[in-house]
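One structure is given below, encoded as structure tokens.
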Amino acid sequence: MIRIQIALIRLALLVFTIACWELISYSGLFYKEVFPSITTILSELTILLRTSEFYGHTWVTLFEVAAGLFFAISLGGVTGIIIGSSQVLHRGLDPILVALATTPKIIFFPIIMLLVGIGVESKIAMGALSAYFPICLSTAAGIRSVPQVFIDSAKSFDVSRLQLIRFIYFPAVIPELLTGVRLGLGVCIIGVLLGEIKISNQGLGFMAIEYYNMFNVPALYASLIVIFGMAVVINLAIDFILSKAVINR
4 MIRIQIALIR
14 LALLVFTIAC
24 WELISYSGLF
34 YKEVFPSITT
44 ILSELTILLR
54 TSEFYGHTWV
64 TLFEVAAGLF
74 FAISLGGVTG
84 IIIGSSQVLH
94 RGLDPILVAL
104 ATTPKIIFFP
114 IIMLLVGIGV
124 ESKIAMGALS
134 AYFPICLSTA
144 AGIRSVPQVF
154 IDSAKSFDVS
164 RLQLIRFIYF
174 PAVIPELLTG
184 VRLGLGVCII
194 GVLLGEIKIS
204 NQGLGFMAIE
214 YYNMFNVPAL
224 YASLIVIFGM
234 AVVINLAIDF
244 ILSKAVINR
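So the sequence shown is numbered by the numbering used here: it starts at 4 and just counts up by one.
So, in structure tokens, the structure goes:
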């Protein structure tokens, strides 16, 4: 019953958004080229989905996002566990990580290009850098939330630090890691797309900015729908994988 209600709420929101868009499109408040009708956008989307070039751009972006998220999860999860399990490291590094997390990552893009070049590697690095901080901070927060009595009980059995991380910290951090990955996914996609927009000749970001330069607004919106759909699918996949991990742990 709850799932049906959730589905109805989402459907109602989608219908409301489409209706508002159509009203604005036909109201004359904006130029027709800026707010094309939904049918015009869907027509462009249909044309877009029929081109082989579109799938080439999509594959490039998917690969860059997946690789960036993989590195962010690997590095962010490990460093988050290490920082969260150490009082000294947490106090010393947490303010720095928080400050860096709120810094626009695009300012690091010139440095990334100097380090790894201007190819696919720079977009992967940009996505990984963007996603690293929410994953690391969420993981560290999950570690810090473990009740001290659990840690003391484990230490009373003379467990090693590795065993403490494996049997106490890691199971407890899964929900926070899930939250961090969800947040990291969004900024990872943003980082990759920014990299593609700034300097690239392939990817969905490059495709979108090309449509913008040609003032093909319906095709631009169609490409944005594809990007949004890609983010939803990846998020659902991550949710499914991590939920299975929680059930089977």
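All C-beta atoms, glycine included, are put in the ideal place defined by N, C-alpha and C.
Kindly list the residues whose CB is nearer than 7 Å to the CB of Ser125, restricted to its own chain and excluding five residues on each side of it in sequence; keep chain order. Ile115, Met116, Val119, Gly198
Ser30 by DSSP, collapsed to three states: which one? helix
If the criterion is Cβ atoms closer than 9 Å, does the pair Val220 and Pro39 meet it? yes
Cβ contact (3+ pairs, closer than 8 Å) linking the region 203 to 222 and the region 136 to 143: no
CA-to-CA distance, Ile192 to Ile27, given in whole angstroms: 29 Å
Alpha helix (DSSP H) runs wholly inside the region 48 to 117, at least 4 long, in chain order: 55 to 87, 90 to 104
Look at the Cβ atom of Ala128, then the Cβ atom of Gly79, and state whether they are nearer than 9 Å. no
If distances are taken between C-alpha atoms only, which option among Leu11, Arg185, Asn204, Leu132 comes closest to Phe74? Leu132
Since Gly130 contacts Glu67 with CB under 8 Å, what's their CB separation in whole angstroms? 6 Å
Please look up how many angstroms separate the CB atoms of Leu48 and Ile228, rounded, as I've assumed it's under 8 Å. 6 Å
So, for Val63: in the same chain, excluding its five sequence neighbours on each side, which residues have a beta-carbon less than 6 Å away from its beta-carbon? Gln205, Gly206
Out of Gly208, Pro98, Leu65, which has the shortest C-alpha to C-alpha gap to Val287? Because the chain spans 4 through 252 in this model, residue 287 falls outside it and cannot be assessed.
Below 8 Å on the Cβ atoms is my guess for His93 versus Arg147; work out the distance and round it to an integer in Å. 7 Å
Assumed close pair Ser88, Tyr172 - CB separation to whole angstroms, cut-off 8 Å: 6 Å
Nearest-angstrom Cα separation, counted from Ala175 out to Thr54: 46 Å
Tell me whether the beta-carbon of Gly183 lies closer than 9 Å to the beta-carbon of Pro137. yes
Terminal residues of the alpha helix (DSSP H) in which Ser203 lies: Neither: Ser203 is in no alpha helix (DSSP H) and is coded neither H nor E.
Flag Thr61 as yes when its Cβ comes closer than 8 Å to any non-hydrogen atom of the ligand NAP, and as no otherwise. Here there are no bound small molecules, and the ligand NAP is not part of this structure.
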